[in-house]
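One point on numbering: in full-length UniProt numbering, the residue at position 222 of the first sequence is 222, and numbering is uninterrupted.
Following: one structure in structure tokens, then a few remarks.
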Amino acid sequence: MLLLPRARCLDLLGKTHFPSVGIEQLKQIHAQMIVSGALRRDSAVGRLIERYAGVSAPEGMNFAHLAFRYHAREADVFTWNVMIRRSPPQELSCSTPVSVPAAAAAVARRRRTIERSFTSSARAPALLACRGDASSRPDREDPGAGGHGCGGPNDRGPFLRESREIDSQEQRNVERPDGRVLPRGGAAEAAALFRDLLLDEGGTRPTERTMVVMLSACARLGELALGSSIHGHILKAISIQDDAFIGTGLVDMYSKCGCLSSAQMIFAETREKNVLTWTVMTAALAFHGRGEAAIELLDAMLAEGVSPNAVTFTCLLSACCHAGLVNEGLHLFETMSRRFGVAPSVQHYGCVVDLLARVGMVEEALRFVTDMPMAPDAVLWRTLLCACKEATAAGRGPDGPPCGAAAACEDYIALSNIYAAGGMWGDVLRLREAMKRDGVQNKPGSSSLQIKPEPLVGR
DNA sequence: GTAGGGTTAG
1 MLLLPRARCL DLLGKTHFPS VGIEQLKQIH AQMIVSGALR RDSAVGRLIE
51 RYAGVSAPEG MNFAHLAFRY HAREADVFTW NVMIRRSPPQ ELSCSTPVSV
101 PAAAAAVARR RRTIERSFTS SARAPALLAC RGDASSRPDR EDPGAGGHGC
151 GGPNDRGPFL RESREIDSQE QRNVERPDGR VLPRGGAAEA AALFRDLLLD
201 EGGTRPTERT MVVMLSACAR LGELALGSSI HGHILKAISI QDDAFIGTGL
251 VDMYSKCGCL SSAQMIFAET REKNVLTWTV MTAALAFHGR GEAAIELLDA
301 MLAEGVSPNA VTFTCLLSAC CHAGLVNEGL HLFETMSRRF GVAPSVQHYG
351 CVVDLLARVG MVEEALRFVT DMPMAPDAVL WRTLLCACKE ATAAGRGPDG
401 PPCGAAAACE DYIALSNIYA AGGMWGDVLR LREAMKRDGV QNKPGSSSLQ
451 IKPEPLVGR
């Protein structure tokens, strides 16, 4: 491909010379600008975004948002202004939850930190780590692998220190109340390494597998900015229609970062869909409260010749639960083994118990637990306990803390809440005393991911 | 190299 000089790229964006540039041509110019480094010129990103946004189809604004995310580090005041001018009010309020000057300052601050990290001579080991397994750490990497002429182990300290500094600006506590710890260190560190990789000009390039792993990490961390920048790379490097792994990763990432319409758009564009692609889309709709739409996916999936598996049914039942679709849920539970040959697991039973209890059918939920062919687990009891809150507010409370599985601090608290909801203060006190007597440790509350709903590339 | 149920202290 002919490589245009920087100045020529900027000329192409000039409205006086080329008043009507289409989306395809803009994408080509965009690619040229990345390759030639033209985007690092002042306001070049803003000019590009202005042209994307000027395309009449909704696609134009989608690309404007993608370009903005992708090149956020180069965004100057002019670029921010373009985004403000071009964004509809509701999108603007979502995408810039803080004031624009504050956001711009945050971008500048982050940029300085990143730049500082590159003054260290220790970039190579980090890049090397990205080549193989994005979640691997440089200090675990074989120093001799790859032969990239990187420095020795002694070089690694400064980079890691600096990359952790970047992370510390966006601290997120991903430890769950149940004690399960999301792989914050691994994913966050991978994210820092990946940022480095993206800025490595002419060197190591991420592979398709790196992209998939990174999308998964972004989904778990709620890293929309990084996730959508990876999307940008994918658009330029490979065709997402041809890869179920990439399509699945993108749908999941956008969904978990709160962008359902973006997830739906990617799903529609992904031609090769496997059972995981369908399942993440089902989970996305369930998570975003679109129970009916999730159930409708099952027929669509069958029509395409893909069979649902146990995970798909968990997502479908969960969708019914969130939408209060009792009949649909019970029907799915019944047909999953009979029609699809998927034996219900304790998780599936748990979903149905939740579904029944939430709509006030507590007796039926309890009978369902009693009739289960396997032992209920702690999560199932917990589900029942929490879902019973409404039903027991009328004055009927369970007899004691959950039995049959290890009760955790939050189980006592959930039960306490139920008593409280029913005004049964004596029971609340009794339970609190029992907790002290039994030495149940109070676990401090912790926050989870802050997910901002942003339909940024949606139509 | 990709996916899953509950939830947070009157």
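We put the beta carbon where it would ideally sit given N, CA and C, even for glycine.
Could you pull the start and end residues of the alpha helix (DSSP H) that residue i belongs to?
| i | result |
| --- | --- |
| Met-211 | 208-221 |
| residue 463 | The shown model of the chain, from 1 to 459, leaves out residue 463, and the question about it has no answer. |
| residue 470 | There is simply no residue 470 to check, as the chain begins at 1 and stops at 459 in what is shown. |
| residue 466 | Within the shown structure, residues of the chain are numbered from 1 to 459, placing residue 466 beyond reach of any answer. |
| Ser-43 | First-last for Ser-43: undefined, no H or E at that position. |
| Gln-264 | 260-269 |
| Ser-228 | 224-237 |
| Val-280 | 275-287 |
Quick one: using the 10 Å Cβ neighbour count with 16 as the cut-off for buried, is residue i buried or exposed?
| i | result |
| --- | --- |
| Gly-439 | exposed |
| Ser-262 | buried |
| residue 469 | Because residue 469 is not part of the residues shown, which for the chain are 1 to 459, the question remains open. |
| Trp-425 | exposed |
| Arg-47 | buried |
| Glu-162 | For Glu-162, the pLDDT reaches just 30, beneath the cut-off of 50, and the residue's location in the model is therefore unreliable, leaving the point undetermined. |
| Leu-13 | buried |
| Leu-250 | buried |
| Ile-238 | exposed |
| Ala-343 | exposed |
| Gly-232 | buried |
| Leu-128 | Low local confidence applies: a pLDDT of 25 at Leu-128 is under 50, so the model's placement there is unreliable, and no value is given. |
| Ala-64 | buried |
| Asp-371 | exposed |
| Gly-400 | With a pLDDT of 46 at Gly-400, under the threshold of 50, the predicted position of this residue should be treated as unreliable, though the coordinate-derived value follows. Exposed: under 16 other Cβ atoms inside 10 Å. |
| Arg-382 | buried |
| Ser-337 | exposed |
| Ala-217 | buried |
| Glu-223 | buried |
| Glu-328 | buried |
| Leu-429 | exposed |
| Gly-258 | buried |
| Gly-305 | exposed |
| Val-174 | Low per-residue confidence applies at Val-174: pLDDT is 40, beneath 50, and the placement is therefore not dependable enough to give any value. |
| Gly-227 | buried |
Just to check my reading of the structure: residue i and residue j have Cβ atoms closer than 8 Å, yes? What is that Cβ distance to the nearest angstrom?
| i | j | result |
| --- | --- | --- |
| Met-253 | Leu-215 | 5 Å |
| Pro-308 | Phe-267 | About 16 Å separates the two Cβ atoms, so there is no contact after all. |
| Val-352 | Met-374 | Wrong, their Cβ atoms sit about 13 Å apart, outside the cutoff. |
| Met-61 | Ala-53 | 6 Å |
| Gly-350 | Val-379 | 6 Å |
| Gly-324 | Arg-271 | Not confirmed; about 34 Å, so no contact. |
| Met-281 | Ile-246 | Actually they are not in contact, since the Cβ atoms of Met-281 and Ile-246 sit about 14 Å apart, beyond 8 Å. |
| Ala-219 | Lys-256 | 4 Å |
| Leu-355 | Cys-320 | 6 Å |
| Met-33 | Leu-26 | So it is not a contact: roughly 10 Å between Cβ atoms. |
| Leu-276 | Thr-248 | 5 Å |
| His-322 | Gly-360 | No, His-322 and Gly-360 are not in contact; Cβ-Cβ is about 16 Å, not under 8 Å. |
| Lys-236 | Ala-31 | 6 Å |
| Glu-50 | Ile-23 | At roughly 14 Å, the Cβ-Cβ gap does not stay under 8 Å, so Glu-50 and Ile-23 are not in contact. |
| His-348 | Leu-317 | 6 Å |
| Asp-242 | Glu-208 | Rounded, the Cβ-Cβ distance is 10 Å, inconsistent with contact. |
Meets three-Cβ-pair contact criterion under 8 Å: the region 297-316 and the region 275-289: Counting C-beta pairs with one atom in each stretch, the region 297-316 and the region 275-289 have three or more that are closer than 8 Å, which means they touch.
At least three beta-carbon pairs within less than 8 Å, the region 359-371 to the region 330-345: No, the region 359-371 does not touch the region 330-345.
Whole runs of the alpha helix (DSSP H) within the region 320-397, excluding any shorter than 4 residues: Within the region 320-397, the alpha helix (DSSP H) runs of at least 4 residues that lie entirely inside it are, in chain order, 326-338, 346-358, 362-370, 378-387 and 389-392.
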